[in-house]
Structure formats: C-alpha cells, structure tokens
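The numbers in my numbering rise by one with no breaks, and the one at position 154 of the sequence shown is 169. Every residue, glycine too, gets a C-beta built ideally from N, C-alpha and C. Small disclaimer: the values here were computed from a predicted structure and weren't measured. Some notes on the structure that comes next.
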Amino acid sequence: MFGLKPNEEVEPLTTCKICGLNYDSELSEDRAEHRKFHAKTMRALRPRPLARFRRLLNATGDPVEVKLGSGQWRHDEIYLRAKMFKREFGYDFPQWSPFGDETPDARGFLFNDDTGTFGHGAIAGACAFRWREFADSAPRWAMDWVWLAPDVRRKGLLSRQWALFQERFGSFYLQPPVSPAMQQFAIKHG
Ligand SMILES: CC(C)(COP(=O)(O)OP(=O)(O)OC[C@H]1O[C@@H](n2cnc3c(N)ncnc32)[C@H](O)[C@@H]1OP(=O)(O)O)[C@@H](O)C(=O)NCCC(=O)NCCS
Ligand SMILES: [Zn+2]
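So, in structure tokens, the structure goes:
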C-alpha cells in the first residue's frame, strides 16, 4: 500500500449493520454516500404509505402493474426492490431496468402492504414476470423474482395474490435459482 510504514494498519471500513454498505467513516464524501444509500434502502425495508401509490391502488387495485410506458416513479420503485433482491441473494445485477425502458414483455407488480405492518399505501415488495422461450418445451410466462420487505414476510401476502397471477399468467415457470422459502411456498401452492 502506498505511503504505509511496515506494520502500520489500514483503517478498516465501517459496515452499516442496516444497509450493509462498506464505507470509510473518516471521509465526508463516503459518509454522504452512505446517508443516501441508507435512506434508499430504508424506503424498501421500512416503506411508508405514499399518497400516489394509494391513489393508484384505488384506481387499479392491488398489485399495481408496471410495464414499458408506466410512469418513471413506478419503474424506480420496482428497480429498488430488484436491487434489494439482488443484494439479498448476491446476484450480479438487478433484474429490472432503472431507465423505464424495459422489454415489452416485462410485467412488474408492486404490492400494497395489506398486513397492517407499515400501513395501507406502503409498498411492501415487488415481483416481475417475463415471457420465456425454452429449448425443450413450449414458451410461457416466468416469475423472474419476487421480494418482500422482511417485516411483512410469512404473513400471507404472496398467497393472497397467487390466484390472480395464475389467472393472468397461466401455469407460469419459477425462474431458478428458487430460494428455500419460495420452494416451500411452491410446494404449499402445488
Ligand atoms: C418467498 C416470499 C416471496 C414468500 O412470500 P410470503 O408472502 O412471505 O409468503 P406467504 O406468507 O404467503 O407464505 C405461504 C407459505 O409459503 C411457505 N413459506 C413462505 N416463506 C417461507 C419460509 N421463509 N420458510 C419456509 N416456508 C415458507 C410456507 O408454507 C407458508 O405457509 P405458512 O406460513 O402457513 O407455513 C417472501 O418471503 C420473500 O420475499 N422472501 C425473500 C425473497 C425470496 O426468497 N424470493 C423468492 C426468490 S425465488
Ligand atoms: Zn446504512
């Protein structure tokens, strides 16, 4: 390392226990970057009710669909959850475009918090479907990913939406790798 004397220790980075970011707490630009990243993460982990999401719920019902041509803020909300999913499972990149330019087949869904944890109008999580072609079977819809805030998990939220997804996407495929929780979910729902 440049400028280090023998035996001199490198100042270890701080890891935020909540958002998981590694940063140098001695550097003001690192602290500023952490504040921004932390606030964004909290919007996904502890969402607050949003007036514009509540208005959409009234107009379209729960879940709220997001696709090519939807307002940018809906894409931002899906993208944030795609990033949380990526981070939780250590994948290389988020499976949603941040630019509102998703492929025409992509269908995202934002879930209302109907568990009473964060309140009506809070975005509890999201999922995405895509049309998939297979080498050895007929093309069909696939659920690409699904991510709920930890505090609303195991409260029946996805179960309550399952029939709607089945109606809409038929006997859709679950895009692997399927998490242990989702495997148990799939067993329960046949
Ligand atoms: C997996 C996930 C989408 C399930 O949604 P959910 O709303 O929490 O699921 P539900 O409460 O409707 O669960 C229904 C059933 O699924 C099974 N299940 C769900 N989560 C489980 C878990 N963590 N461990 C074991 N079984 C689980 C159970 O059989 C459950 O029924 P029960 O609670 O009566 O035992 C959600 O927990 C989540 O976002 N997890 C983290 C991300 C993830 O794993 N995504 C899937 C990637 S393939
Ligand atoms: Zn943090």
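In this structure, ligand 2 has no non-hydrogen atom nearer than 7 Å to the beta-carbon of residue 135. By the C-beta criterion, the segment 67-79 is judged not to be in contact with the segment 104-119, since fewer than 3 inter-stretch pairs fall below 8 Å. For a cut-off of 8 Å, the C-beta gap from residue 133 to residue 78 is around 15 Å, too long to register as a contact. Spanning the alpha carbons of residue 29 and residue 42 requires a straight line of approximately 11 Å. Set against 7 Å, the gap from the CB of residue 180 to the closest heavy atom of ligand 1 is not smaller.
Linking residue 55 to residue 40 through their CA atoms gives a straight-line distance of about 19 Å. Taking a contact to require three or more Cβ pairs closer than 8 Å, the segment 130-148 and the segment 80-94 qualify as touching. In the DSSP annotation of this structure, the continuous segment of the beta strand (DSSP E) that includes residue 138 starts and ends at 138-147. For the segment 149-198, the continuous beta strand (DSSP E) assignments of 3+ residues that do not extend past its boundaries occur at 155-163, in sequence order. The shortest C-alpha to C-alpha distance from residue 148 to any of 26, 190 and 167 is the one to 190. Residue environment: residue 175 is assigned as exposed (fewer than 16 neighbouring CB atoms within 10 Å of its CB, all protein chains considered). Distances taken from the Cβ of residue 156 to the heavy atoms of ligand 1 include none shorter than 7 Å. Contact check for residue 159 against residue 199 fails: the beta carbons are separated by 8 Å or more. At a Cβ-Cβ threshold of 8 Å, residue 145 and residue 157 count as neighbours.
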